[in-house]
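Only one structure is covered here, and it is reproduced in the block below.
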Amino acid sequence: MNLLAFTGSPRKESISSKLQNEFLNPFILNGFKVDIINAYQTKINPCMGCGYCASKLQCNLNDEMSDIYRLIKEADIISVSSPLYFSHFPAPLKTIIDRCQLLWEEKKKNITMKRKRGFFFPLPDQTMGIFFAVFLQALNIFLIL
Ligand SMILES: Cc1cc2nc3c(=O)[nH]c(=O)nc-3n(C[C@H](O)[C@H](O)[C@H](O)COP(=O)(O)O)c2cc1C
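Counting with the working numbering, you get residues 1 to 145 for the letters of the sequence shown.
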């Protein structure tokens, strides 16, 4: 079984990463293949909205996202752990999410992936109301994956 974990914090001692690690430990101990992607350590270009993926079912940009597409497709479980920056995902994580437009285009053409379970750990400083925007974004992305 494969678990793919995204972390969205730039901070070394980040609370969201600690939370994520607590979640991952039992899976690691039980022999899952666990891949962790720290969005701030990736070199991923932003989606240019060129529409290439809609017509060719491939991304026109050639970067580390190719590996991430493969890991997403292989995953049985995807978890996302992130602080909130102005009620949204920090920019590098949002960049990865935007590049998932290719997966949306594939889904529209009935190219489906294996079913997955998704876990989301948002880490705000403040009240639940502020969560709302990021919950909607997370829901959108999990509906695609
Ligand atoms: C640029 C920036 C924007 C932030 N915006 C929000 C916000 O909109 N809502 C919120 O609750 N916390 C906000 N925070 C606080 C972080 O979400 C909070 O400190 C979080 O616990 C950090 O998580 P980490 O330890 O995993 O990095 C912001 C922090 C920064 C640096």
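The C-beta atom is built at its ideal place from N, Cα and C for all residues, glycine as well.
Boundaries (first-last residue) of the beta strand (DSSP E) holding residue i
i, result
"Leu-61", "Where Leu-61 is concerned, there is no enclosing beta strand (DSSP E), given that its DSSP letter is neither H nor E."
"Leu-3", "2-7"
Range of the contiguous alpha helix (DSSP H) that encloses residue i
i, result
"Thr-95", "91-99"
"Pro-26", "15-29"
"Ile-141", "132-144"
Within 9 Å, strictly: CB atoms of residue i and residue j
i, j, result
"Leu-29", "Ala-5", "no"
"Ile-44", "Cys-100", "no"
"Leu-139", "Glu-106", "no"
"Ser-66", "Leu-123", "no"
"Leu-143", "Ile-72", "no"
"Gln-137", "His-88", "yes"
"Met-1", "Ile-77", "yes"
"Pro-90", "Ala-39", "yes"
"Lys-116", "Ala-75", "yes"
Contact test: residue i Cβ vs ligand 1 heavy atom, cutoff 8 Å
i, result
"Pro-10", "yes"
"Pro-124", "yes"
"Phe-120", "no"
"Pro-83", "yes"
"Ser-79", "no"
"Phe-158", "Because the chain in this structure spans residues 1 to 145, residue 158 falls outside the shown range and cannot be described."
"Ile-15", "yes"
"Phe-132", "no"
"Ser-87", "yes"
Sequence-distant residues of its chain with Cβ nearer than 8 Å to residue i (five each side left out)
i, result
"Phe-79", "In the sequence as displayed, the identity of residue 79 is Ser instead of Phe. Here the set comprises Leu-3, Leu-4, Ala-5, Phe-6, Gln-20, Phe-23, Leu-24, Gly-118, Phe-119, Phe-120 and Phe-121."
"Ile-37", "Leu-4, Ala-5, Phe-6, Thr-7, Ile-68, Leu-71 and Ile-96"
"Ile-111", "Leu-57"
Own chain residues within Cβ distance below 7 Å of residue i, not counting five before or after
i, result
"Phe-27", "Leu-3 and Val-34"
"Asp-98", "Pro-46 and Cys-47"
"Lys-94", "His-88"
Same chain, Cβ closer than 6 Å to residue i, neighbours up to 5 away in sequence not counted
i, result
"Cys-59", "Cys-53 and Leu-102"
"Pro-83", "Ser-9, Ser-16 and Leu-123"
"Pro-92", "Ala-39 and Tyr-40"
"Met-113", "Lys-73"
"Gly-31", "none"
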